[in-house]
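What follows is a single structure, written as structure tokens, with notes after it.
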Amino acid sequence: MKQSRTLPRCRPSEAPPPVPNRLATVNRLLDVHRLKDEIDKLSQQLLMVKAQLDSKLSDAAKREEHASSRGVAGSGKSQIAELVCLDIVRRLCRGGSPLSALHAAFVALRPFVTINDKHNNQSSRALAHVEFCIRNSRLLCIRLNHFMMDSPSRGCRANIFAMLANDLDEFDKEKYRISGFRLKEGQQGLGNVADLSSAFGELGISASDVFKVISACILLNNLSFKEIGGSIDIENLSDLEDASVLLGVSALAMYRAVMRCTLTGRDSIRECQSSRDQLVSALYTRVVRRILMRANACLDNLQDLTGSSDIIGSETRFIHVVDSPGYVCNKTNSLSELLINTVNDSLAGYSTEKESCVSKQISLFRATPPCESYVESSWAPLPEFPSAPAVQPAVPSPRRYEVRERKKHVFPQRRNVIVDFHDQNSGAVLRAGDVVKAMGFVGDAYVVETGRRIKAVIPISYTEKSLPPTEGYNV
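Everything in the sequence shown is counted per full-length UniProt numbering, starting at 1 for the first residue and increasing by one.
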């Protein structure tokens, strides 16, 4: 007899294997792929933003950094600029020689580029520009680029003349042939000749040679002209001879340099005075240039003790400190006043542009929502990256406000109705006109402050409009 084959039966305690739902599995896989695509899309946008930020940071790192000091005349910005420069050297250079050399340069230049006026005893008359070269957080060199914007040598207005007149003893004055030279103002607060001589010695400059040239400028400024026998001549030739001895030139060559015009008349005397002032300005400017050259030679090649400045491919950065004389307004117009005010206008425009750019970047950064706000749920589609932040209303919608106690009010005639319009839930405080508009009235209103409560006073009567009640808002 042939046996029939039968399938094995499951025991009652064992449940049959579940039938797989292929449609649910496919939908789940599709959702996973969709979420993965959205995540990749958002990641690409974030990577683009990161690349833009990296490029901006790299560009900002390569740009030269500028620290500009601005202010009115006599505000002390020159002293602040010097302190900033000394602090930069103190932070970046381990040795003390660059710091002492820079301080000596400031001490040597200060009496030559400042004057004593009624507002400030050290009023600057030069555009001070100090440039720092940095590599790998080490100071490589310092360069002084000063530009004279006025002629403080005319009329002996520079502080160096007051220092020589009031701080030198009689023996030194006889040596420099200025024994009879006196100035009304003193040298208090301007410095002394001893510190100036030590600063010159540290920079490798002979103080005696500098004082000789300055004394020659004093003698040349003292020259006066007169008309004698139909020609122009120098009244005090002894001062011209003393100046020639101090400068080491012949008196005849000096006389010809000053006396360029031999005609008579007031214009001829004025032309001779102009030639004298030009000669004094040229001598004085060359002395200042010589001091700058020696200072730059001392600060040009600073020794790096760690040897990190010799690394190939290292990045070099620059820091610029600019100090300009403040705004001036003299009785008569001059070229120096035009230069000083123009430079201040340029610096003010540059500073305003940089501040506005930085404020815009900060506002954009604060207005950009974080990435977590984009992901509302794990399966919901992600929105596009917004190109510009949405403008939030300053106050809630007027329809959310209502009259207190949710009743219709008939305002009586000839009296003021005080309505509290501070929203405790949202913290919004509206103006009186906004409250009147929100309540549905038309008219004028004004604000009354009583302690910490701000209220709106509505004069005369109005007819109330219907407003839908809102939960949680009191006016």
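We put the beta carbon where it would ideally sit given N, CA and C, even for glycine.
Fair warning: this is a prediction, and the values are worked out from it, not measured in the lab.
With respect to the beta strand (DSSP E) encompassing C156, which residues constitute its N-terminal and C-terminal limits?
C156 -> no beta strand (DSSP E), and no H or E assigned at all.
Tell me the start and end of each unbroken alpha helix (DSSP H) in the stretch 95 to 122 that is at least 4 residues and wholly inside, in chain order.
97 to 113
Between which residues of its own chain and A243 is the CB-CB distance below 6 Å, once the five residues before and five after are set aside?
A216, L219 and L220
Mind checking which residues open and close the alpha helix (DSSP H) that includes V258?
A251 to V258
Comparing C-alpha positions only, which one of S151, I80 and I115 sits nearest to S124?
I115
Are there 16 or more other CB atoms within 10 angstroms of the CB of M293, so buried, or fewer, so exposed?
exposed
Can you round the beta-carbon distance between A101 and L299 to whole angstroms, since I take them to be within the 8 Å contact cut?
6 Å
Distance check for E241 and K226, CA to CA, integer angstroms please.
18 Å
Report the three-state DSSP secondary structure of M163 (helix, strand or coil).
helix
When you compare each of L92, K77, H146 and F200 to N136 by their alpha carbons, which one comes out closest?
L92
Among residues of its own chain, excluding the 5 on either side of S153, which ones have a beta-carbon nearer than 7 Å to its beta-carbon?
C217, V280, S281 and Y284
Please classify S334: does DSSP put it in a helix, a strand, or coil?
coil
To the nearest angstrom, report how far apart L382 and S363 are at their CA atoms.
Its pLDDT being 46, under 50, L382 is placed unreliably in this model, and the value from its coordinates should be taken loosely. Taking the straight line from one Cα to the other gives about 25 Å.
Look up D300 in the DSSP assignment and say whether it is helix, strand or coil.
coil
Between which residues of its own chain and Q122 is the CB-CB distance below 6 Å, once the five residues before and five after are set aside?
T114
Determine, using beta carbons only, whether Y350 comes closer than 9 Å to chain B.
No chain B appears in this structure, which consists of one protein chain only.
Does the pairing of the stretch 79 to 91 with the stretch 313 to 323 give three or more beta-carbon distances under 8 Å?
yes
Just verifying my parser: in three-state terms, what is the DSSP assignment at T450?
With a pLDDT of 45 at T450, under the threshold of 50, the modelled position of that residue is not reliable, and the figure given next carries that caveat. Three-state result, T450: strand.
Quick one: what does DSSP say I234 is sitting in, helix, strand or coil?
strand
Which residues in the same chain as I340 place their Cβ atom closer than 6 Å to its Cβ, once the five residues preceding and following it in sequence are excluded?
M149, P325 and V328
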